[in-house]
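Contents: one structure, followed by commentary.
2 protein chains.
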Amino acid sequence: MSDLRTQIQELGRRARAAARTLAQTSTDTRNRALLAMADALVADEAAILPANAADVAAGQAAGLAPAMLDRLRLDARRLRAMADGVRAVAALPDPVGRILREWTRPNGLRHTKVAVPIGVIGIIYESRPNVTSDAASLCLKTGNAVILRGGSESLRSNLAIAAALARGLAAAGLPGEAVQVVASADREAVKHLCAMDEFLDLVIPRGGRGLIEAVVASARVPVIKHYDGICALYVDRAADPAMAEEITLNAKCQRPGVCNAIETLLVHREIAAAFLRHTGAALLARGVQLRCDPEAQALLTPLAGAHPGRVVAATAQDYRTEFLDLILAVKVVDSPAAAIAHIAEHGSHHSDAIVTADAAVAERFLAEVDSATVYWNASTRFTDGGEFGFGAEIGISTDKLHARGPMGLEELTTYKYVMRGTGQVRG
Amino acid sequence: MSDLRTQIQELGRRARAAARTLAQTSTDTRNRALLAMADALVADEAAILPANAADVAAGQAAGLAPAMLDRLRLDARRLRAMADGVRAVAALPDPVGRILREWTRPNGLRHTKVAVPIGVIGIIYESRPNVTSDAASLCLKTGNAVILRGGSESLRSNLAIAAALARGLAAAGLPGEAVQVVASADREAVKHLCAMDEFLDLVIPRGGRGLIEAVVASARVPVIKHYDGICALYVDRAADPAMAEEITLNAKCQRPGVCNAIETLLVHREIAAAFLRHTGAALLARGVQLRCDPEAQALLTPLAGAHPGRVVAATAQDYRTEFLDLILAVKVVDSPAAAIAHIAEHGSHHSDAIVTADAAVAERFLAEVDSATVYWNASTRFTDGGEFGFGAEIGISTDKLHARGPMGLEELTTYKYVMRGTGQVRG
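Right under this line is the structure:
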């Protein structure tokens, strides 16, 4: 057994022991720990910011892109925001212990299905150090122990943050091993982590496709993930054009770099000319590049004006790409059925929307599109734990099992069946 | 790409298309299909029984054990029982389309969390051909397409059964590809099946540990499984002795070969002498071998009488073994805490029970034992979809995600969020 594997297994063993303790704690105790963790983050500023500065300096020396350096960098304000995030989690309702269902069989045996913590959760993420405190607080809130593996470029920051969180846990009488950071930057650590099904119950990778595929390939424990957000908006012939335009602009331009922004616009042929001329101009005015099928291209090219490169022919790949940028693939379709078929073929089962005044067409779209979240007359940008009213979000799942769509506190619990009898035996 | 991989992927492609059709069918249509499938099973007796006879003859020639040959063998009565099983599934309530939660956010956007089919499910199992119709009917009931991979020794039977089921599907206007059997006996087929995350949403392996481990190692899709049922009964010092004995005998002897039978008996020291003398004699009279720690062995050895081999010293491994036989590991413990610690250390998180009249001790046991189903004053033998009132069971999960414990029709569904708005965009 390699030293690294031994080291990761030891993290796992400690996390499992901590999880057994956490599972028996009260809501109050866990909330007190969260508040103490928030206080410790602020109190440890003098340890965390220098550790972070060392990460940033190493990142600069290694030639990290400015955007990545910005995500990595902490200052006193960002640290206070992290602490406030932890306090906000303390204020949320506790999903642990909810009675999900209760019934008594004819033999008198009482069945209670009750929400309990999952156990030990692994979170694998990239450069943002704030994920360390976010993920730790959500897991602790729900009585789970967590093993965190951030990007190697933020390792010093993450270790300093975890040390502060452990002090907060200890102040509330909870084991510091409830929140642990993998101390090695070795990529093999991820493999060892995801393979140890004795000590880990779930792994949640958050990051690029390469990271997630590596986790899926090596995991022997359940993985909850989303690879891509290739979201589409279908503007039906019965759409209100003003509503359709407002939703298109919101879903594409309000924050193009996130997974619930649209990447594809499908337009019914009967309204394509009028709609694309008006809304296409609005998109172009906001700097969006339109990658079009021939029909849309013919309609939109005259609008490109001084920026002919803003209207181009789409490749087949453009309809399968998460641009995360001011780029939109556009296609004219014959019918709602063609839109639904396009989404089934090209989409990533994340969030898809229809704009129409025709309720029958809308209901068909909502029923047939097999995505985590399907919208009628609203922007796809609402696929978000906060927008759903969950109060917090550990991620968004395009998987179908356990959690689908925004994954909040409830999705960080499982259940057990508690059976209370009076001597029942099976006949 | 190997021919086999191409062939399995083709099954997947067809299953995905069938799943899209199934997801839009009504409860009535699926129930009509189930009844037609049941009729076709009986009508195809002249094709199914000779195919099965060929499997049995090949099994005999290959030296299959008599118990395995018995599980493999079909006759007219067993075939009718399979058909009746399919009809019983048709009569169950449909979990698809249930509204799980509904709420409206302050912006007026209505959120509906609705139960939908999972999509395409792979079931991998061993020799019983009746699993073919059981699993197919449960998947079809819930609007899922299924790819079935039974034991190679039952391949002819399974193909004949699947042909009958496909005729039933066609009679109800549903695609025959909703139920497909992997036609290859090659073990590599399982690997290809579990790796194709594009076409498969879930795999459920049912069988021995080797089969399940092979699936887990190669799967890129979620797996729901249970490796072992190492179930324990703890008889507390405050137990009613007669109730404790009745539950012990039921949980060990009523059907020792199943996963919810107990393999370990833990007895509080204060009542060990009286309880083990009486209940030990009853167990020995039923032919149970008792594998004991020194304290229990000293108490039980005098009872072995003409069968001294029935009371032996336990090895460490005996407390971690699923005997599936008339064998019981016995241990005297100091306290409820010691019993809970033993179960955490040795159990398989399946089903564990306490017998006690002390409510505080019982509630502690129910809270702290981290198993799918925990019992107070009842036999572990109730961990079963039928006993729970689920009407049917596709398996029992010792995993924690998506399904835990008996997995019935509801657990063969996932959910989606359907959002109905009036033009909402995100601010």
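Those protein sequence lines, which keep their order, are chains A and B. In this note's numbering, each number is its position in the first sequence, counted from 1, plus 8. In this note's numbering, each number is its position in the second sequence, counted from 1, plus 8. We treat Cβ as the ideally placed atom computed from N, Cα and C, and that holds for glycine. From a predicted model like this one, the values you see are computed outputs, not experimental measurements.
- Identification of chain A residues near B:T33 by a Cβ-Cβ cut-off of 7 Å yields none; the smallest Cβ-Cβ distance measures about 11 Å.
- The residues S160 and L163, in chain order, have a CB closer than 7 Å to that of A:A193 in the same chain once the five nearest residues on each side in sequence are set aside.
- Residue pairing for A:A123: DSSP places it in a beta bridge opposite A:Y423.
- Looking at the DSSP output, B:G413 sits in a beta bridge with B:S405.
- B:N115 and A:I362 have their C-alpha atoms spaced approximately 18 Å apart.
- The Cβ of A:R389 sits closer than 7 Å to at least one Cβ of chain B.
- Here the C-alpha atom of B:A304 lies approximately 16 Å from the C-alpha atom of B:E253.
- Taking 8 Å as the cut-off between beta carbons, the residues of the stretch 417-431 of chain B near chain A are T422, Y423, K424, Y425, V426, M427, R428, G429, T430 and G431, in sequence order.
- Cβ atoms of A:I155 and A:A411 stay farther apart than 8 Å, at about 19 Å.
- Legend: CB atoms of the stretch 245-261 of chain B lying less than 7 Å from CB atoms of chain A belong to residues M251, E254, I255 and N258.
- Cβ-Cβ distances below 7 Å link A:D142 to G93 in the same chain, with the five nearest sequence neighbours on each side left out; the list follows chain order.
- In this chain, the alpha helix (DSSP H) harbouring B:N258 covers P249 to C261.
- For A:F396, the chain B residues whose Cβ falls inside 7 Å of its Cβ are H119, in order along the chain.
- Ranking B:R38, B:H200, B:L173 and B:R95 by CA distance to the CA of B:Q15 puts B:H200 first.
- Contact with chain B is found for A:V382, since one of that chain's Cβ atoms lies less than 7 Å from the residue's Cβ.
- Rounded to whole angstroms, the separation of the alpha carbons of A:L273 and A:A246 is 16 Å.
- In this structure, DSSP gives B:C202 a helical state, which the three-state scheme calls helix.
- The contact set of A:N385 on chain B, defined by CB atoms closer than 8 Å, consists of R428, G429, T430, G431 and Q432 in chain order.
- Put simply, the backbone Cα of A:V64 is about 7 Å away from that of A:L80.
- Contact note: A:H410 reaches chain B through L409 and H410, using a C-beta cutoff of 7 Å and chain order.
- Legend: CB atoms of the stretch 200-212 of chain B lying less than 7 Å from CB atoms of chain A belong to residues D209 and L210.
- With fewer than 16 other Cβ atoms from the protein chains shown falling within 10 Å of its own Cβ, A:L108 counts as exposed.
- B:A89 and B:A51 have their C-alpha atoms some 13 Å from each other.
- Contact residues of the stretch 151-168 of chain B toward chain A are absent (C-beta to C-beta distance below 8 Å).
- Residue burial is scored here from C-beta neighbours: B:Q432 has at least 16 other C-beta atoms within 10 angstroms and is therefore classed as buried.
- CA-to-CA, the gap between B:P264 and B:L332 works out to about 5 Å.
- In terms of CA proximity to A:P101, A:S34 leads the group A:G130, A:V338, A:S34 and A:R28.
- With fewer than three CB-CB distances shorter than 8 Å, the stretch 171-190 of chain B does not count as touching the stretch 415-434 of chain B.
- Cβ-Cβ distances below 8 Å link A:A62 to R164 in the same chain, with the five nearest sequence neighbours on each side left out; the list follows chain order.
- Interface annotation for the stretch 323-335 of chain B against chain A: empty, criterion Cβ-Cβ distance under 7 Å.
- Sorting A:C239, A:R277, A:L210 and A:R294 by C-alpha distance to the C-alpha of A:N268 places A:C239 at the top.
- The stretch 361-379 of chain B and the stretch 367-381 of chain A do not touch, with fewer than 3 CB-CB distances between them shorter than 8 Å.
- Within its own chain, no residue has a Cβ closer than 7 Å to the Cβ of A:G218 once the five positions on either side in sequence are excluded.
- Where A:I279 is concerned, there is no enclosing beta strand (DSSP E), although the alpha helix (DSSP H) around it starts and stops at R277 to A293.
- Taken in chain order, the complete beta strand (DSSP E) segments of 3 or more residues contained in the stretch 136-191 of chain B are 153-157 and 187-189.
- The Cβ-Cβ distance between B:T391 and B:T406 does not fall below 7 Å.
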